[in-house]
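**Q** Following this message is one structure expressed as structure tokens.
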Amino acid sequence: MSYGTLISSRHGAVALIELVSEDGMNCYTPEMGEDLVAALRAAAADDAVAAIVLTGSGRAFCAGAHRGVLAGEIGASGLTIGQEHFIAGFAPEFAAIPKLTIAAFNGAAAGIGVTMSLLCDLRLSVPGAKLRLNFAELGIMPGLGSTKTLVDIVGLPAAKKLLLCDRTILAEDAAAIGLVDDVVAADTLLERALALGEAAAKGQREVAAAIKAALNAGRDGDIADALRREADAAASLRQSAKAQAIRYDDYDAFAKIEAIGFIPWGEAIPVGRETVQRFLEVTGAPGDGAIIPGVMLQAMLPKLVPGHGWSVTGHSGAVNLGSPTIRFPVPAPADAMLRGRSRLSAAKPHPKGTLIAMDFELREDGVDQPCLQSTIELLYLGTRA
Numbered sequence: 018m019s020y021g022t023l024i025s026s027r028h029g030a031v032a033l034i035e036l037v038s039e040d041g042m043n044c045y046t047p048e049m050g051e052d053l054v055a056a057l058r059a060a061a062a063d064d065a066v067a068a069i070v071l072t073g074s075g076r077a078f079c080a081g082a083h084r085g086v087l088a089g090e091i092g093a094s095g096l097t098i099g100q101e102h103f104i105a106g107f108a109p110e111f112a113a114i115p116k117l118t119i120a121a122f123n124g125a126a127a128g129i130g131v132t133m134s135l136l137c138d139l140r141l142s143v144p145g146a147k148l149r150l151n152f153a154e155l156g157i158m159p160g161l162g163s164t165k166t167l168v169d170i171v172g173l174p175a176a177k178k179l180l181l182c183d184r185t186i187l188a189e190d191a192a193a194i195g196l197v198d199d200v201v202a203a204d205t206l207l208e209r210a211l212a213l214g215e216a217a218a219k220g221q222r223e224v225a226a227a228i229k230a231a232l233n234a235g236r237d238g239d240i241a242d243a244l245r246r247e248a249d250a251a252a253s254l255r256q257s258a259k260a261q262a263i264r265y266d267d268y269d270a271f272a273k274i275e276a277i278g279f280i281p282w283g284e285a286i287p288v289g290r291e292t293v294q295r296f297l298e299v300t301g302a303p304g305d306g307a308i309i310p311g312v313m314l315q316a317m318l319p320k321l322v323p324g325h326g327w328s329v330t331g332h333s334g335a336v337n338l339g340s341p342t343i344r345f346p347v348p349a350p351a352d353a354m355l356r357g358r359s360r361l362s363a364a365k366p367h368p369k370g371t372l373i374a375m376d377f378e379l380r381e382d383g384v385d386q387p388c389l390q391s392t393i394e395l396l397y398l399g400t401r402a
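Under the working numbering, residue 402 is the last one in the sequence shown; the count climbs by one each step, no gaps.
Given below as structure tokens:
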């Protein structure tokens, strides 16, 4: 799609946004800002897009703000610089786009051309490209939240040196301090950027978005805060899969469940010595009742493991193929408080339908190692023609 100051196109699962101008310098104007907001929002809302690449066409990525608008000229939109949404308030939304964003410096970038790239997740550059942060010389404050994003990326001393002293840095030197992630030959720059976008597309979209949000938030707080954010995100992902009905041959849906991993541990349930003794009497299993036998642990899985919140539909029947692997890492004593959890570990085509594998673990409260680890295979039979 063509906007006035940029062109947006799709390349597989990647949206490519190219800044354009007659002189090839792609100087920023309020109109470009409005176009960027529209194009980025459209790409962010497109379910078929997993990543966004922002680049320039011509000699520069973006050679800073146009001299005329810096002097106060009013553009075709009727706005002076700073009134458009891109500068006035879009930066948090840009940084929080739940998809991988990549800035590809095809040439020089100055001022806002650099600061807009700091809102992206990755920055690539052609060799020798000059990145200029000349705000002090121009007598203006850097914007787009760059006094934070630059510090987050390169650290406080390097940010001060760039903004107050050096003001210009080559791509190779920028790579040495983390401002640029990779320096790529000009003829392969877009190829590399698009390849990174396609690599991101192979992950589960919802999980990738949660990971990006957690990483962004992780710049503040400590490890305990990060653990809480991770737990909250995992719970949210599980909730999105709750009560989901999955057709037996919908492998994309199974992959989303598999990516979630183990569900939380279930409620602790006591297994008294008397219960163990009765089990031994009824089954004839060996033991004196001091240790919960492995066969009893297996039989208790339905009681100890909480429901996983999804069901399989569309099949003509299900066959329990048993447990290819069973381990008892540590003994579970009678009178222990036991908890269980499970996860979907595989779902793959089978000549007769779909074979799924479920991993189960039981653990005694206060003990790090599980007392049972097992995998159960289930075959969901395909419908007959």
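Quick reminder that beta carbons are idealized off the backbone N, C-alpha and C, glycines included.
(1) From A192 to A234, what distance separates their C-alpha atoms?
(2) Is there contact between the region 78–96 and the region 204–214, where contact requires at least three CB pairs shorter than 8 Å?
(3) Which runs of the alpha helix (DSSP H) spanning at least 4 residues fall entirely within the region 296–360, listed in chain order?
(4) On the premise that I277 lies in contact with R358, defined as a C-beta separation below 8 Å, what is that separation, rounded to the nearest angstrom?
(5) Compare the beta carbon distance of I119 and R140 with 9 Å and say whether it is the shorter of the two.
(6) My assumption, with CB atoms under 8 Å, is that Y45 sits in contact with G130. Please give the rounded CB distance.
(7) Starting from I34, follow its DSSP beta bridges and name the residues at the other end.
(8) Counting Cβ pairs closer than 8 Å, one from the region 350–357 and one from the region 281–292, do we hit at least three?
(9) If you follow the alpha helix (DSSP H) that D169 is part of, which residue opens it and which one closes it?
(10) Would the region 239–252 and the region 310–326 be scored as touching if the rule is three or more Cβ pairs under 8 Å?
(11) Whose C-beta lies closer than 7 Å to the C-beta of G89 among residues of the same chain, with five residues either side of it excluded?
(12) With a Cβ-Cβ cutoff of 9 Å, do T371 and L396 count as a contact?
(13) Sorted by chain position, which residues of the same chain lie with C-beta nearer than 7 Å to R76's C-beta, five sequence neighbours on each side aside?
(14) Could you tell me whether the region 25–38 touches the region 207–221, where touching means 3 or more Cβ pairs closer than 8 Å?
(15) For V143, which of helix, strand or coil comes out of DSSP?
(16) With distances taken from CA atoms, which of E291, F377, S26, R295 is nearest L321?
(17) Looking only at its chain, what residues have a beta carbon closer than 7 Å to the beta carbon of H28, apart from the 5 residues adjacent to it on each side?
(18) Is E154 buried or exposed, if buried means 16 or more other CB atoms sit within 10 Å of its CB?
(19) If you draw a straight line from the C-alpha of P310 to the C-alpha of V197, how long is it?
(20) Here's a check: name, in chain order, each residue in its chain whose Cβ is nearer than 6 Å to the Cβ of F122, leaving out the five neighbours to either side.
(21) Taking the beta carbon of P303 as the centre, do at least 16 other beta carbons fall within 10 Å, making it buried, or is it exposed?
(22) CB-CB under 7 Å to S163, same chain, minus the five flanking residues each way: which ones, in chain order?
(23) Use the C-beta contact count for E298: other C-beta atoms within 10 angstroms, 16 or more gives buried, fewer gives exposed.
(24) Roughly how many whole angstroms lie between the Cα atoms of I240 and A59?
(25) Please classify A402 as buried or exposed, where buried requires at least 16 neighbouring CB atoms within 10 angstroms.
(26) Could you give the C-beta distance for R209 and V201, rounded to a whole number, given that I count them as a contact under 8 Å?
(27) Short of 6 Å in beta carbon distance, which residues of its chain neighbour G380, apart from the five on each side in sequence? Order them along the chain.
(28) Between the Cα of L117 and the Cα atoms of Q261, A68, K165, Q100, which residue gives the shortest distance?
(29) Jot down the residue ranges of each uninterrupted beta strand (DSSP E) in the region 38–113, minimum 3 residues, whole runs only, in chain order.
(30) My understanding is that A230 touches P115, with C-beta atoms under 8 Å, so please give their C-beta distance in whole angstroms.
(31) CB-CB under 7 Å to Y20, same chain, minus the five flanking residues each way: which ones, in chain order?
(32) Would the beta-carbon of L180 fall within 9 Å of that of F152?
(33) Go to A202, then tell me how far its beta strand (DSSP E) extends in each direction, as first and last residue.
(34) Quick one, which of S25, M49, L338, V312 has its alpha-carbon nearest I373's?
**A** Quick look at the numbers:
(1) The residue labelled residue 192 in the question sits at position 175 within the sequence shown. The residue labelled residue 234 in the question sits at position 217 within the sequence shown. Rounded to the nearest whole angstrom, the CA to CA distance from A192 to A234 is 24 Å.
(2) no
(3) 311–316, 318–321
(4) As a first step, residue 358 is located in the sequence shown; it is residue number 341 there, counting from the start. As a first step, residue 277 is located in the sequence shown; it is residue number 260 there, counting from the start. Not quite, the Cβ-Cβ distance comes to about 12 Å (not below 8 Å), so this is no contact.
(5) Within the sequence shown, residue 119 is the residue found at index 102, counting from 1. Within the sequence shown, residue 140 is the residue found at index 123, counting from 1. Yes, they are a contact pair.
(6) Here residue 45 refers to the residue found at position 28 when the sequence shown is read from its first residue. Here residue 130 refers to the residue found at position 113 when the sequence shown is read from its first residue. The pair is a contact, with the Cβ atoms about 7 Å apart (cut-off 8 Å).
(7) Along the sequence shown, read from residue 1 onward, the residue named residue 34 stands at position 17. I34 pairs with S25, L71.
(8) yes
(9) As a first step, residue 169 must be located in the sequence shown, where it is residue number 152. 163–171 is the span of the alpha helix (DSSP H), which, as asked, contains D169.
(10) no
(11) Residue numbering aside, residue 89 sits at position 72 when the sequence shown is read from its first letter. Same-chain partners within the cutoff: T97.
(12) Counted from its first residue, the sequence shown places residue 371 at position 354. Counted from its first residue, the sequence shown places residue 396 at position 379. By the CB criterion at 9 Å, T371 and L396 fall inside the cutoff.
(13) Sequence index remark: in the sequence shown, residue 76 carries index 59 (1-based). Taken in chain order, the residues that qualify are G41, M42, G124.
(14) yes
(15) As a working mapping, residue 143 is identified with position 126 in the sequence shown. If DSSP states are grouped into helix, strand and coil, V143 belongs with coil.
(16) One-based indexing of the sequence shown puts residue 321 at position 304. Ranking the options by Cα distance to L321, first place goes to F377.
(17) As a first step, residue 28 must be located in the sequence shown, where it is residue number 11. Around H28: L211.
(18) Here the question's residue 154 lines up with position 137 in the sequence shown. By the 10 Å Cβ count, E154 comes out exposed.
(19) Working through the sequence shown from its first residue, we reach residue 310 at position 293. Working through the sequence shown from its first residue, we reach residue 197 at position 180. Pairing P310 with V197, the inter-Cα distance amounts to about 58 Å.
(20) As a working note, residue 122 is residue 105 in the sequence shown. Excluding five sequence positions before and after F122, the CB atoms of its chain that fall closer than 6 Å to its own CB belong to F78, S142, A146, given in chain order.
(21) Locating residue 303 in the sequence shown gives position 286, where the first residue counts as 1. Answer is exposed; the Cβ neighbour count stays below 16.
(22) Counting from one through the sequence shown, the residue named residue 163 turns up at place 146. Excluding positions up to five away in sequence, the list reads T132, L135.
(23) For the purposes of this step, residue 298 is identified with residue 281 of the sequence shown, where counting begins at 1. The C-beta of E298 has fewer than 16 other C-beta atoms within 10 Å across all chains shown, which makes the residue exposed.
(24) Counting from 1 along the sequence shown, the entry for residue 240 is found at position 223. Counting from 1 along the sequence shown, the entry for residue 59 is found at position 42. Approximately 35 Å, taken between the alpha carbons.
(25) In the sequence shown, the residue the question calls residue 402 occupies position 385. Confidence at A402 is low in this model, with a pLDDT of 47, below 50, so its placement is unreliable and the value that follows should be read with caution. A402 should be labelled exposed.
(26) Counting from 1 along the sequence shown, the entry for residue 209 is found at position 192. Counting from 1 along the sequence shown, the entry for residue 201 is found at position 184. Their Cβ separation, rounded to whole angstroms, is 5 Å, which keeps R209 and V201 in contact under 8 Å.
(27) Residue 380 sits at position 363 when you count from the first residue of the sequence shown. Contrary to the premise, residue 380 reads as Arg rather than Gly in this sequence. For R380, where only same-chain residues beyond five positions count, the Cβ hits under 6 Å are R356, P387.
(28) Here the question's residue 117 lines up with position 100 in the sequence shown. Minimum Cα distance to L117 is reached at A68.
(29) 68–73, 77–80
(30) Indexing the sequence shown from 1 puts residue 230 at position 213. Indexing the sequence shown from 1 puts residue 115 at position 98. That belief holds up - the Cβ atoms of A230 and P115 are roughly 7 Å apart, short of 8 Å.
(31) In the sequence shown, counting from the first residue as 1, residue 20 sits at position 3. Counting only Cβ-Cβ distances below 7 Å, and skipping sequence neighbours, we find D52, A55, A56.
(32) Position 163 of the sequence shown holds residue 180. Position 135 of the sequence shown holds residue 152. Yes; because the gap between Cβ atoms is below 9 Å, this pair is in contact.
(33) Counting from one through the sequence shown, the residue named residue 202 turns up at place 185. Run containing A202: none; DSSP gives neither H nor E here.
(34) Numbered from 1 along the sequence shown, position 356 holds the residue referred to as residue 373. Checking every option, the nearest Cα to that of I373 belongs to L338.
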